[in-house]
Structures are given as structure tokens and as C-alpha cells.
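Inspection log for the structure reproduced underneath, given as C-alpha cells.
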Amino acid sequence: WWEPFTSSKGPDRDAHLECPTARMRRVESDEGREATMVFAKLLPRDANFFKLFDEHGRHIGDGARAFLEMVRNFGEPALRDRCIAEISAAEHAADRVTASVHRALHTSFITPLDRDQILHLIDAMDDVLDMLQDTSEVMSLYDLRRVSDDVVQLSEISVQCCERVQHMVGQLPRLRDARVVEDVLKACEEVDELESKADHAMRSAMSRLFREEPDTRELIKLKAVYEHLESISDRCQDVSDIVEGIVLENS
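Reading the sequence shown from the start, the letters are residues 735 to 985 in our numbering.
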């Protein structure tokens, strides 16, 4: 007829019967697990930022080459649409890489470069592909009747800039090598020269456009395309400036 203070069922009975030594060991074990979990959050995660930069750079190169193929075959609708789809696919893939870098920054205690440098670099790289996609869509949606030689020239300059960007970001893991540092800085100089070349080409193209194009609507369309094309090299210049700063600070 007599029952103990604690119920004979459930975990309370075990707690009541547990000896003090066992209880102390269990508490110490729980505290140890909690401390291990906290410490694990502070450890470096396996986030290879250089690998992500290189992957994004490959998408820039793929998108740029598809863009140039689109321009050179603009009069063939099927081929043009396929190239536009390839540019869009490259841009979406690059967006996923950018998101991965942003997430990795939140979970990595130690990073190979300054956090702001990593963030600014991946965002600037993403802007390059965004501009490539925007320009391809403008050319398609505006329904250009023709692609001028100036459009082709500006596109070729833009692709050269993108290829230099792909090359320089792929070299970032090897900055301890003096030859790599020299190679990357040379690529940065080439982007700067190409951006100046694009500025000059656009001004010349604008001058010819306003002198020679009789159709006002076509003039407005081509002016917008020229400006978009020149902006691609500007975005590449932004990446080059960031990379140059990283090289000079970390080599």
C-alpha cells in the first residue's frame, strides 16, 4: 500500500535511483558535448574559395564565348536563340556559385583572403555575367535589323576582357609564385588596355551612328546596345582592380 516519493514509471524513477557519482559523470558528459559543438562551430570549414572563384570564372568564359557566337550569327534565329539560352544557363550557374561563396563566408572562421575582398570579388564577377545576359536580351528584345561591324568589334573586346578575368582568378591560389604574380598583374594591365580600347571604339561607333543611321528607331536601339557592350568591359575592369589589390596585398 505504500509508494515511494517518485513514480515507479518514467525517467523520474531512474533519476531518483541514480547514484550521485553516475549523475555527476552524466552532467560532465553533457557539458562536454555542448562544449565540443560550440568549438566545432569555430573551426574552419571546408570552403575552398579559390575553387569557387575558378568555377565562376569558367562560367564567365563560357557565357562570353556564347555571346560572341550569338553576335556573329545574329541573322540566324535558331542559332541566336541557342546562344542566348547558353548565356542564361551560364549566368544561372554563376549565381549559384555566388550564393555558395556568400554562405561559406557565414560558416568559415578562417578565410584565405580578407572577407571584404572575397565578397567584393565574387559580386564583381557576378556583375560581368549579369551584363552579358542583359546585353544579349537587349539585342534580342529590341529586334535589331542588323548587327553592325561596331557591335562585332565591341563584342570581341568584351570577350577578350572576360577571358582575361577567367585567367586571372584561376591563378589566385598560386600567388606565392613570383611568376604567377607577374602573370596576373600583366592580365590586369591588359584588361585596363582593353577597357580603354572599348571606350574609344564606342565613341567612334556613336559618331558613325549619329552621322550615318537614317532610321531613328534603329539609332536608339544601336545606341543602347553600344552602351551595354561598353559596360561589359567596365565590369571586367572592376574585377581586375580588385584582383590587383589582392595580389599586391598577398604576394
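Cβ coordinates follow ideal geometry from the N, Cα and C atoms, glycine included.
Residue burial is scored here from C-beta neighbours: residue 843 has fewer than 16 other C-beta atoms within 10 angstroms and is therefore classed as exposed. Taking each of 959, 920, 889, 821 in turn and checking the Cα distance to residue 903, the smallest one comes out for 920.
Secondary structure at residue 943: helix, using DSSP grouped into helix, strand and coil. Relative to the Cα of residue 807, the nearest Cα in the group 957, 873, 984 belongs to 873. Between residue 958 and residue 888, the CB-CB gap reaches or exceeds 8 angstroms.
Taking the Cα positions, residue 943 is about 49 angstroms away from residue 845.
It is roughly 14 angstroms from the alpha-carbon of residue 794 to the alpha-carbon of residue 818.
At a Cβ-Cβ threshold of 8 angstroms, residue 798 and residue 866 count as neighbours.
Classified as buried, residue 972 has 16 or more neighbouring CB atoms from the shown chains inside 10 Å of its CB. For residue 822, the CB contacts under 7 angstroms within the same chain, skipping 5 residues up- and downstream, are 867 in chain order. If the five residues before and after residue 938 are omitted, its C-beta is found closer than 8 angstroms to the C-beta atoms of 884, all from its own chain and listed in chain order.
Look at residue 814 here: in three-state DSSP terms it is helix. Taking all protein chains in view, the Cβ of residue 950 is surrounded by fewer than 16 other Cβ atoms within 10 Å, so the residue is classified as exposed. The three-state secondary structure of residue 846, taken from DSSP, is coil. When DSSP states are grouped into helix, strand and coil, residue 948 belongs to the coil group.
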